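Structure record follows, encoded as structure tokens.
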Amino acid sequence: MFFKFSLRKNPSTQKMDSYYRLVEGLRDESGKVKHRTLLNVGFLEQTFIIEQINIVSRILNNRYQHKVELFESQVDECCLALANELWDKLVAQKKIDPEMYSEHSRKVEIDKLVHKEGKEIGAEWLCYQTLQDLGVKNLLLAQGFTEQQSQLALTQIISRAVYPASELRTSKWIVDNSAVCELTKYDASKITKDKLYDSALKLYGAKTALEQHLSTRTNELFDITDKILLYDLTNTYFEGQKLNSKLAKFGRSKEKRSDAKIIVLALAVNALGFIKYHSIHEGNMSDSGNLNQVLEKLSKNINCNNPIVVIDAGIATEQNLNLIKSKGYKYVCVSRVTPKDYEVQKNKLSVLLETKSQKEVLLKALNTPGQKDFFMSVESEAKALKEQSMKTQFEERFEELLRTAQKALSSKSGIKQYAKVLERIGRAKQKYPSVAKYYVIEIKHDDSTKLVSEITWHKNEDLYAQKIDGQGKYFIRTNIDIVDEIELWNIYNIIREIENTFRCLKTDLDIRPIYHKNDQSTMAHLHLGLLAYWVVNTIRQRLKLQNINTCWTEIVRIANTQKIITTEGQNTVGKLIRVKKCTEPNQELKKLYSALLMDIKPFHKRKSVVHKPELKKNETLLYQRFIE
Numbered sequence: 096m097f098f099k100f101s102l103r104k105n106p107s108t109q110k111m112d113s114y115y116r117l118v119e120g121l122r123d124e125s126g127k128v129k130h131r132t133l134l135n136v137g138f139l140e141q142t143f144i145i146e147q148i149n150i151v152s153r154i155l156n157n158r159y160q161h162k163v164e165l166f167e168s169q170v171d172e173c174c175l176a177l178a179n180e181l182w183d184k185l186v187a188q189k190k191i192d193p194e195m196y197s198e199h200s201r202k203v204e205i206d207k208l209v210h211k212e213g214k215e216i217g218a219e220w221l222c223y224q225t226l227q228d229l230g231v232k233n234l235l236l237a238q239g240f241t242e243q244q245s246q247l248a249l250t251q252i253i254s255r256a257v258y259p260a261s262e263l264r265t266s267k268w269i270v271d272n273s274a275v276c277e278l279t280k281y282d283a284s285k286i287t288k289d290k291l292y293d294s295a296l297k298l299y300g301a302k303t304a305l306e307q308h309l310s311t312r313t314n315e316l317f318d319i320t321d322k323i324l325l326y327d328l329t330n331t332y333f334e335g336q337k338l339n340s341k342l343a344k345f346g347r348s349k350e351k352r353s354d355a356k357i358i359v360l361a362l363a364v365n366a367l368g369f370i371k372y373h374s375i376h377e378g379n380m381s382d383s384g385n386l387n388q389v390l391e392k393l394s395k396n397i398n399c400n401n402p403i404v405v406i407d408a409g410i411a412t413e414q415n416l417n418l419i420k421s422k423g424y425k426y427v428c429v430s431r432v433t434p435k436d437y438e439v440q441k442n443k444l445s446v447l448l449e450t451k452s453q454k455e456v457l458l459k460a461l462n463t464p465g466q467k468d469f470f471m472s473v474e475s476e477a478k479a480l481k482e483q484s485m486k487t488q489f490e491e492r493f494e495e496l497l498r499t500a501q502k503a504l505s506s507k508s509g510i511k512q513y514a515k516v517l518e519r520i521g522r523a524k525q526k527y528p529s530v531a532k533y534y535v536i537e538i539k540h541d542d543s544t545k546l547v548s549e550i551t552w553h554k555n556e557d558l559y560a561q562k563i564d565g566q567g568k569y570f571i572r573t574n575i576d577i578v579d580e581i582e583l584w585n586i587y588n589i590i591r592e593i594e595n596t597f598r599c600l601k602t603d604l605d606i607r608p609i610y611h612k613n614d615q616s617t618m619a620h621l622h623l624g625l626l627a628y629w630v631v632n633t634i635r636q637r638l639k640l641q642n643i644n645t646c647w648t649e650i651v652r653i654a655n656t657q658k659i660i661t662t663e664g665q666n667t668v669g670k671l672i673r674v675k676k677c678t679e680p681n682q683e684l685k686k687l688y689s690a691l692l693m694d695i696k697p698f699h700k701r702k703s704v705v706h707k708p709e710l711k712k713n714e715t716l717l718y719q720r721f722i723e
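Sequence positions in the sequence shown follow my numbering and run 96 to 723.
Set out below in structure tokens:
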């Protein structure tokens with residue numbers, strides 16, 4: 096019970112005064128919290144300050160719940176007198192049941208207990224606490240989001256992290272499977288796929304502010320600077336023709352989906368994998384394009400002078416390297432070409448290292464005449480074996496296509512026309528270009544009939560020997576002034592972090608494929624995945640500090656063992672009691688909570704007594720008698 100007041104004109108004084116009502120909070124049959132007026136207290140003859148009103152409320156609640164007030168004898172006489180007066184009225188008018196909190200009213204018949212509405216809450220609770228630490232809600236409110244819009248936005252980000260799916264499936268999951276709205280306070284009954292579409296678009300409208308805020312906030316949380324930045328591109332494909340799209344284009348798909356149009360996502364991340372800048376481009380953009388725009392944006396989003404930019408060979412064109420240097424940045428990359436006339440530095444010993452995957456690599460500092468940059472060769476036996484295995488597999492497949500073409504020459508209905516045979520061999524070369532260049536193929540045909548009589552092939556031994564000699568070897572290039580082989584290797588290997596970022600986005604957060612029809616929805620879809628990634632990466636990096644390297648899907652599986660359950664039952668006085676509680680986290684989940692320094696439960700217990708629903712105007716007297 097608590098007091099509410101409104102300003103009204105007091106007839107006795109003819110002035111505006113506080114008109115008090117004594118109300119209680121309850122949950123109706125649909126679970127919504129409502130206020131019910133117990134007493135219209137009216138205007139108080141004596142002036143009470145807010146502390147005295149609270150004291151009266153506390154006395155009434157303690158009596159109702161059979162709690163002993165230790166210092167009731169020391170309470171102000173005016174407060175005690177008002178509390179006694181209101182209590183007598185409540186009992187006389189049967190507004191409360193004095194036996195509700197008595198010992199026997201707490202007894203519930205076991206056979207009538209019902210457990211219902213079991214929903215997942217563990218993974219949602221991890222994400223919600225992380226969003227609080229990142230300060231996302233306050234930023235959204237500052238960007239013009241209303242309270243409800245910010246609640247829906249948080250609901251959608253958490254849902255994308257825990258259950259990445261379409262807006263339609265997500266809306267069903269939120270209503271039927273998840274207790275995420277218990278955390279964000281958004282009314283789950285209002286969730287629709289259209290509202291999720293609109294929310295994603297509104298979040299994309301705040302892209303710049305969100306990116307800058309999260310970039311700064313994650314640096315503060317982990318006490319890091321942007322000394323090393325990683326830049327790379329990936330792409331994801333569309334389902335559907337996307338006829339009117341300006342972004343969806345045919346290009347080189349990393350998922351080998353040459354039949355589908357794609358879109359390019361460019362990311363710049365720091366050494367811990369936190370995004371510093373992202374941009375979305377047409378699917379036919381090359382890996383080496385658009386670096387100038389990225390560097391311009393990075394200069395505004397990073398808190399470090401002269402950072403080191405780590406890029407892969409696909410981006411490391413001479414033009415891009417010169418562009419990086421012109422901005423005052425350093426770079427580390429894989430050289431696109433083999434240095435000419437290089438030799439191993441005689442005053443330095445080769446370094447043999449064991450990688451995290453327990454593979455050995457040999458590092459050699461090189462002298463490269465005519466080059467200002469430092470070059471280091473990396474030789475890996477494991478990489479050589481892998482390349483040899485792939486090359487052998489491709490060779491077998493390529494030769495199998497040649498044998499099929501050869502066999503067709505002796506078949507009755509086989510392809511024998513010279514032009515068709517050339518076309519067939521051309522398709523085989525296009526499919527396996529990495530090995531086709533080492534083969535010399537001869538085709539014998541009759542000039543008059545244009546029919547092929549024989550196909551023969553053999554390997555160019557000189558070219559093939561050069562390829563074998565270069566297997567498992569590549570060259571790292573940098574313009575860093577003072578270079579140590581091990582330090583350079585460690586800097587370059589940080590590029591694995593952006594590979595992990597792409598893997599998390601595509602696999603754990605399911606940004607592929609894209610089903611949206613218009614480009615604006617497509618960009619909003621990718622942006623929502625990136626917001627969820629910020630949450631995921633924050634949790635994972637915190638766990639890594641405690642030597643817990645669990646992948647995100649496993650974290651979600653462990654966290655989903657914690658549920659929120661509603662239990663209903665009748666007590667011995669015939670009242671329906673509803674209690675909503677979280678289950679206790681298991682040992683694995685407790686370990687995660689402890690490592691993350693998080694609360695283990697969003698709330699401990701919510702108890703409510705279900706009252707009869709109020710009659711609607713169109714309900715008949717017969718129905719009233721029925722429910723009574």
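We put the CB at the ideal spot given by N, CA and C, even for glycine. Fair warning: this is a prediction, and the values are worked out from it, not measured in the lab.
Here's a check: name, in chain order, each residue in its chain whose Cβ is nearer than 6 Å to the Cβ of residue i, leaving out the five neighbours to either side.
| i | result |
| --- | --- |
| residue 258 | 268 |
| residue 431 | 408, 411 |
| residue 553 | 535 |
| residue 304 | 238 |
| residue 113 | 100 |
| residue 280 | 246 |
| residue 390 | 422 |
| residue 313 | 369 |
| residue 154 | 178 |
| residue 593 | 325, 327, 364 |
| residue 617 | 609, 611 |
| residue 555 | 533, 535 |
Under 8 Å by Cβ, that's how I've got residue i and residue j pegged, so tell me the actual separation to the nearest angstrom.
| i | j | result |
| --- | --- | --- |
| residue 357 | residue 330 | 4 Å |
| residue 685 | residue 215 | That belief does not hold up - the Cβ atoms of residue 685 and residue 215 are roughly 17 Å apart, past 8 Å. |
| residue 360 | residue 370 | Actually they are not in contact, since the Cβ atoms of residue 360 and residue 370 sit about 11 Å apart, beyond 8 Å. |
| residue 406 | residue 424 | In fact, because the Cβ distance is near 11 Å, the residues do not count as touching under 8 Å. |
| residue 664 | residue 208 | 4 Å |
| residue 364 | residue 596 | 6 Å |
| residue 567 | residue 476 | 6 Å |
| residue 322 | residue 399 | 5 Å |
Within a Cβ cutoff of 7 Å, which residues of the same chain sit near residue i, ignoring the five residues on either side of it in sequence?
| i | result |
| --- | --- |
| residue 636 | 317, 367 |
| residue 266 | 286, 287, 288, 291 |
| residue 203 | 664, 665, 666, 672 |
| residue 443 | 460 |
Tell me which same chain residues have a C-beta within less than 8 Å of the C-beta of residue i, skipping the five on either side of it?
| i | result |
| --- | --- |
| residue 523 | 493, 496, 497, 500, 531 |
| residue 630 | 222, 225, 226, 229, 252, 253, 256 |
| residue 335 | 610, 612 |
| residue 721 | Because the pLDDT at residue 721 is just 36, under 50, the model does not fix this residue reliably, and the value given afterwards should be weighed accordingly. Hits under 8 Å: none found. |
| residue 545 | 512, 513, 514 |
| residue 638 | 644, 645, 650, 687, 690, 691 |
| residue 386 | 326, 410, 415, 418, 419 |
What are the partner residues of residue i, as DSSP defines its beta bridges?
| i | result |
| --- | --- |
| residue 131 | 119 |
| residue 677 | 659 |
| residue 359 | 330, 376 |
| residue 665 | 671 |
| residue 573 | 427, 469 |
| residue 112 | 103 |
| residue 620 | Per DSSP, none; premise fails for residue 620. |
| residue 552 | 536 |
| residue 211 | 661 |
| residue 568 | 474 |
| residue 743 | In the structure as shown, the chain begins at 96 and stops at 723. Residue 743 is therefore absent and cannot be evaluated. |
| residue 151 | DSSP output for residue 151 lists no bridge partner at all. |
| residue 546 | 512, 541 |
| residue 137 | 115 |
| residue 438 | 462 |
| residue 365 | 324 |
Q: Run through the segment 456–534 for me and flag every whole beta strand (DSSP E) of 3 or more residues, listed as ranges in chain order.
A: 469–475
(Q) Please give me, in chain order, every unbroken run of the alpha helix (DSSP H) with length at least 4 that falls completely inside the segment 170–197. (A) 172–187
Q: Please determine if the segment 457–469 and the segment 599–607 are in contact, where contact requires at least 3 C-beta pairs separated by less than 8 Å.
A: no
Q) For the segment 640–656 against the segment 595–603, are there 3 or more C-beta pairs whose distance is under 8 Å? A) yes
Q) Is the number of C-beta pairs between the segment 578–588 and the segment 445–456 that are closer than 8 Å three or more? A) yes
Q. Along the chain, which unbroken stretches of the alpha helix (DSSP H) at least 4 residues long are found entirely within the segment 257–335?
A. 262–271, 275–279, 288–300, 302–317
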